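>
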Amino acid sequence: MRMLPNFIRATLLLAAVAILSLSFAALRVSAAEAAQAATAKEEQQLTEPTAEQVADLEKLMNRATMVGHFTVTGGGEGNKLDGGGGKLTEERYELGEVKRLESGDWLIQSRIRYGDHDVTIPLTLPIRWAGDTPVICVDDMLIPGLGTFTARVMIYRGHYAGFWTGADHGGHLFGVIEAAKEE
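Residue numbers -25 to -1, 1 to 158, in mature numbering (1 follows the signal peptide of the UniProt record, and there is no 0), belong to the letters of the sequence shown in order.
#1: Compare the beta carbon distance of Glu66 and Tyr89 with 8 Å and say whether it is the shorter of the two.
#2: In or out: Leu32 buried (at least 16 other Cβ within 10 Å) or exposed?
#3: Comparing alpha-carbon positions, which option in Val47, Glu27, Glu69 and His44 lies nearest Arg38?
#4: Can you check which of these residues, Gly122, Leu121, Trp104 and His134, is closest to Gly79 by C-alpha distance?
#5: Distance check for Ala142 and Val42, CA to CA, integer angstroms please.
#6: Measuring CB to CB, does Val151 end up less than 8 Å from Gly137?
#7: Output the distance between the C-alpha atoms of Ser94 and Glu8, rounded to the nearest integer angstrom.
#8: Do Thr40 and Glu153 count as a contact pair if the criterion is CB distance below 8 Å?
#9: Among the residues of its own chain, which have a CB less than 8 Å from the CB of Asp107, if the five just before and after it don't count?
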């Protein structure tokens, strides 16, 4: 086999290095474009509500009652709420005044009833918007008399549904939003 002259070997080596450099540069651009696309998609999905959406949510929730059920998973045998197998337990959230604060969070006067619990408390809750759908987003929030909870609860067309977790258990919740009764 014949040896290539040094200048040809050097030229081929430089060409290979140039091709590799261009390939890595293209990969970096692709990764940056993918990150920008993901950020743009996230920004598109989490939107700032319009004045009309805020007014509609305030009207729907103000003095309404959220009536439904929740399930409990985890928590072991000592969990009085579960009864085994994730059975449905009734829940009621009787709401007072509901309004959006300047911070973007929402102040919701609430009476929360489930199991042996019956607590009335003002809650300041973050509500984020996924397009036209409000989602209550709570992360490790202490609710006096009830415990610390994380939850995602979406509200849509007079219904609510979501996921929640507490100390060593969690579950699902869902129901309807009954409009305030005319006085």
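Backbone N, C-alpha and C fix where the C-beta goes; we use that ideal spot for every residue, glycine too. Owing to the predicted nature of the structure, the values given are computational and were not obtained by experimental measurement.
Here's the rundown:
#1: Walking along the sequence shown from the start, residue 66 turns up at place 91. Walking along the sequence shown from the start, residue 89 turns up at place 114. For Glu66 and Tyr89, yes; Cβs fall inside 8 Å.
#2: Within the sequence shown, residue 32 is the residue found at index 57, counting from 1. With 16 or more other Cβ atoms within 10 Å, it is buried.
#3: Within the sequence shown, the letter at position 63 stands for residue 38. Nearest option by C-alpha distance: Glu69.
#4: The residue labelled residue 79 in the question sits at position 104 within the sequence shown. Residue Trp104 is the option with its Cα nearest to Gly79.
#5: Indexing the sequence shown from 1 puts residue 42 at position 67. Indexing the sequence shown from 1 puts residue 142 at position 167. Cα to Cα, the separation comes out at about 24 Å.
#6: On the sequence shown, residue 151 is found 176 positions in, with the first residue counted as 1. On the sequence shown, residue 137 is found 162 positions in, with the first residue counted as 1. The answer is no: Cβ separation not under 8 Å.
#7: Your numbering for residue 94 matches position 119 in the sequence shown. Your numbering for residue 8 matches position 33 in the sequence shown. Per the sequence presented here, residue 94 reads as Val, with Ser not at that position. So the alpha carbons of these two residues sit roughly 49 Å apart.
#8: For this step, residue 153 is matched to residue 178 along the sequence shown. For this step, residue 40 is matched to residue 65 along the sequence shown. The answer is yes: Cβ separation under 8 Å.
#9: Walking along the sequence shown from the start, residue 107 turns up at place 132. Here the set comprises Gln28.
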